[in-house]
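Listed in order, the protein sequences are those of chains D and R. Using this note's numbering, the first residue of the first sequence is number 1, and each one after it goes up by one. Using this note's numbering, the first residue of the second sequence is number 1, and each one after it goes up by one. Note that the Cβ used here is the ideal one computed from N, Cα and C, for glycine as well. The model shown is predicted, which means the values in this text are computed figures rather than measured ones.
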Amino acid sequence: MSSLSSNGIAAQLEDVHKDYHMGSQVVKALAGITISFQTGSFWAILGPSGSGKSTLLNLLGCLDRPSKGRYLLSGHDVSTLDDDRLSDMRLRHLGFIFQSFNLLPQSTVEENIQLPLYYLGWNAADSAERARDLARKVGLEERLRHRPMELSGGQQQRVAIARALANNPSILLADEPTGNLDSATGKEIMGMLIDLNRQGKTIIMVTHERTLAEYASHRLYMKDGMIERIEGGDSSC
Amino acid sequence: MLSKYVREIRLGINNLLLHKLRSFLTMLGVVFGVGSVIAMLAVGEGASQEALERIRKLGSQNILISSAKSIEEESATNVRIRMSVYGLLYEDERRIAESFPSVKNTVPVKEIRKQARLGERSMELRVVGTTPKWFDLVQRPIISGRVLLPRDFEAHGNVVVLTEHGVRTLLAGENTVGQTVRLGSEYFEVIGIVQNAGSIGGDIQTPDQEIDAYIPINVARERFGDYFVKNVAGSETREKVELHQIIVEVKSVDQVEPTAAGILAMLKRFHKKEDYRVSVPLTLLRQAEATKRTFNIVLGSIAGISLLVGGIGIMNIMLASVTERTREIGIRRAIGAKKRQIVLQFLIETIVLSTTGGLIGIGIGLLIPWMITLLAGMPTVVNAYSLVLSLGISMGVGIIFGLYPAVRASNLDPIVALRHE
């Protein structure tokens with residue numbers, strides 16, 4: 001199935017619109033976005049608040065559906081899928097990294113990393129092994145039994161990255177991943193994302209810090225629900 | 001089927017254990033609901049089985065006819081009526097025995113309260129004049145000696161069969177059979193001892209009390225006569241009663257009620273006053289069973305209400321829990337949990353809660369009747385079906401009251417849920 005999509009495009013938006021109805025008013029959050037995200041690229045999405053970058057990320061993350069237009073994720077048109085199928089797309093193709101980490105506070109590091117595997121239906125032994133491997137990858141092998149509250153912010157974000165990688169997603173979506181961290185730790189997390197990108201992972205990151213955006217291979221500037229300009233790369237659109 | 005949900009159940013248990021006290025308190029509604037249902041049913045079942053057993057002992061093929069002072073005569077006693085004649089006659093027994101082909105046996109009963117004496121010991125007991133057939137109808141184990149036999153009637157002998165309790169009080173363990181006791185002014189030879197029946201309550205009067213002395217009815221008539229003197233509040237009343245009771249045994253159960261109706265019609269013709277009462281144990285049995293059904297419906301309603309309250313308690317806590325765990329739901333949904341997986345997660349938590357509550361409730365429901373029997377001596381019967389039923393109902397409560405919070409959790413928009421503080 002994914003061989004159909006091996007034309008090198010991880011995600012593709014075709015004239016995507018998103019309207020929100022606030023009472024009688026219609027707010028146009030996205031007003032016609034057309035863009036392709038190459039497999040293995042690292043995108044930073046920038047723009048002032050209200051420019052539509054969060055809406056764009058939610059759409060890319062299959063948490064929402066476009067009002068108009070097409071969205072192809074790994075070759076599948078997901079713009080008209082029902083809730084169950086969208087959940088399935090998230091489960092199989094996407095990994096999320098949030099500003100506020102969003103770990104389950106009552107669960108251990110190990111259980112947090114295993115969460116996607118739980119919904120994928122992995123058995124206990126396999127998912128324990130996978131969780132150990134991922135924890136080793138993010139340098140938290142010794143903390144598997146700890147709870148998120150016992151970890152520093154940077155460590156928590158590393159757990160979140162391990163969790164996002166658990167299902168081996170085609171795209172990693174990051175929403176201000178360093179927003180809650182001091183600059184040194186933020187750099188460390190960015191380094192980790194760059195490493196992952198070098199290993200071939202497609203990453204789309206929303207940020208408002210230009211310095212962080214410099215690490216990305218492409219920069220997408222949003223304004224008023226539209227693409228203002230694109231920097232970097234060769235010529236992706 | 002259950003193994004499919006092992007992971008979900010484990011997850012549910014883990015989540016519930018995070019808030020042990022809250023989970024426990026939430027469970028209490030179901031615990032007490034189920035516990036009280038089982039306990040109440042056990043007590044009710046015990047009581048009704050006892051009542052049914054008592055009635056059954058009277059014999060479902062029997063009809064009991066007793067003498068009763070008619071109402072007009074009862075109210076006239078304060079006028080200067082000193083002598084009242086009422087009740088069943090020797091003639092009645094003969095007539096019943098001869099006119100109904102469905103009647104198998106009739107047993108006449110005459111009751112006289114007499115002072116019994118042996119040496120210095122004395123007690124009042126009830127002397128029952130009857131025939132040997134009595135011992136066929138009201139079967140009681142013989143402890144020693146023998147019961148009345150036809151030859152005692154032919155011999156007109158002063159012989160008496162005592163109940164065990166009377167023997168213990170009166171004879172106090174002295175060599176019993178063959179002993180002579182005085183009843184009123186007559187001397188009787190003790191020929192046998194029978195076991196007591198449990199005291200018979202209700203409105204059915206059978207001469208089957210704990211302290212009874214059975215003598216041949218012809219002897220009773222000859223020695224004590226048909227006249228009785230009663231001292232009521234200082235004034236003396238004389239009564240003439242021939243028979244206090246007639247027990248009629250009918251050949252088959254389905255003939256009992258028509259025969260009873262026939263006897264009633266016959267008595268109505270031959271008695272000017274209504275100085276008799278006909279009771280049919282079979283009818284009483286049916287009534288008792290109907291009462292039991294009503295009782296069970298009432299208990300069922302109470303049970304339903306208490307389980308409803310328990311269920312509402314669970315729903316309340318689960319709704320609070322859903323709000324509290326909005327972010328968790330958002331995280332799970334973002335990672336790829338489907339709506340029905342969220343529904344299942346929350347539903348299983350409530351089912352685990354209510355089922356655990358149900359199991360603890362069953363424990364309490366077994367303990368309470370056991371203690372009631374132990375401490376108050378009341379019979380209790382725990383039915384297996386009541387255990388299965390209450391466990392089923394408590395699981396049902398979990399599903400019904402868990403469904404709404406669970407569906408609400410699953411319908412949260414993941415984007416909004418993730419932003420929830």
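- Taking a Cβ-Cβ cut-off of 7 Å, the neighbours of Gln-106/D in chain R comprise Leu-18, given in sequence order.
- In this structure, the alpha-carbon of Arg-198/D lies about 16 Å from that of Ala-162/D.
- In this structure the segment 70 to 82 of chain D does not touch the segment 98 to 116 of chain D; the number of beta carbon pairs closer than 8 Å is below three.
- In the DSSP secondary-structure assignment, Asp-77/D is bridged to Leu-72/D.
- Not flagged as an interface residue toward chain R: Pro-177/D, since no C-beta distance is shorter than 8 Å.
- In the three-state reduction of the DSSP assignment, Ser-354/R falls in the helix class, which pools H, G and I.
- Taking 8 Å as the cut-off, the beta carbon of Leu-285/R is found no closer than this to the beta carbon of Ala-213/R.
- Scanning its chain for C-beta atoms nearer than 7 Å, with the 5 sequence neighbours on each side dropped, one finds around Leu-170/R the residues Ala-116, Leu-118, Arg-121, Met-123, Val-181, in chain order.
- By a beta-carbon distance limit of 8 Å, Arg-146/R contacts Ile-191/R. Their separation comes to about 6 Å.
- Rounded to the nearest angstrom, the gap between the Cα atoms of Leu-104/D and Glu-328/R is 6 Å.
- Proximity of the segment 190 to 207 of chain D to the segment 117 to 135 of chain D falls short of the contact definition, fewer than three beta-carbon pairs being nearer than 8 Å.
- Ranked by Cα distance from Gly-12/R, the options Lys-69/R, Leu-282/R, Ile-393/R, Thr-355/R are led by Thr-355/R.
- Of all residues in the segment 334 to 354 of chain R, only Ala-334, Ile-335, Gly-336, Ala-337, Lys-338, Lys-339, Gln-341 come within less than 7 Å of chain D when Cβ atoms are compared, listed by chain position.
- Under a 10 Å Cβ-count criterion, Tyr-276/R is classified as buried, with 16 or more other Cβ atoms of the shown protein chains found around its own Cβ.
- With respect to the 8 Å criterion, Arg-145/D and Thr-108/D are classified as neighbours on the basis of their beta carbons.
- Uninterrupted alpha helix (DSSP H) stretches at least 4 residues long and entirely within the segment 247 to 280 of chain R occur at 256 to 270, given in chain order.
- Look at Gln-12/D here: in three-state DSSP terms it is strand.
- Contact annotation: the segment 58 to 69 of chain R does not touch the segment 375 to 382 of chain R, with fewer than three C-beta pairs closer than 8 Å.
- The alpha-carbon separation between Arg-210/D and Phe-101/D amounts to approximately 21 Å.
- Against chain R, the beta carbon of Ser-127/D has no neighbour under 9 Å; the closest one sits roughly 11 Å away.
- Counting along the chain, Leu-118/R sits inside the beta strand (DSSP E) bounded by residues 103 to 118.
- DSSP, reduced to helix, strand and coil, places Asp-19/D within a strand of the structure shown.
- For Phe-42/D, no chain R residue has a Cβ inside 9 Å of its Cβ, as the nearest lies near 21 Å away.
- It is roughly 22 Å from the alpha-carbon of Gly-402/R to the alpha-carbon of Ile-302/R.
- Counting along the chain, Tyr-221/D sits inside the beta strand (DSSP E) bounded by residues 218 to 223.
- At a Cβ-Cβ threshold of 8 Å, Ile-312/R and Thr-350/R do not count as neighbours.
- Residue-level contact by beta carbon holds for Leu-418/R and chain D, with a gap shorter than 8 Å.
- The beta carbon of Leu-220/D does not come within 8 Å of any beta carbon belonging to chain R, so the residue lies off that interface.
- The CB of Phe-96/D comes closer than 8 Å to the CB of Ala-334, Ile-335 in chain R, given here in chain order.
- Under the three-state reduction of DSSP, Phe-37/D is assigned to strand.
- Closest by C-alpha distance to Thr-39/D, out of Ala-160/D, Gln-12/D, His-208/D, Leu-59/D, is Gln-12/D.
- Contacts between Tyr-119/D and chain R, judged by CB atoms closer than 9 Å, involve Arg-332, Ile-335, Gly-336, Ala-337, Lys-338, Gln-341 in chain order.
- Assigned with DSSP and collapsed to three states, Thr-163/R falls in strand.
- Non-local beta-carbon contacts of Tyr-20/D in its own chain, meaning distances under 6 Å to residues more than five positions away in sequence, involve Val-27, Ala-29 in chain order.
- Nearest to Arg-22/R by alpha-carbon distance, out of Gly-129/R, Ile-393/R, Leu-353/R, Ser-410/R, is Leu-353/R.
- Within the DSSP secondary-structure output, Leu-243/R pairs in a beta bridge with Leu-88/R.
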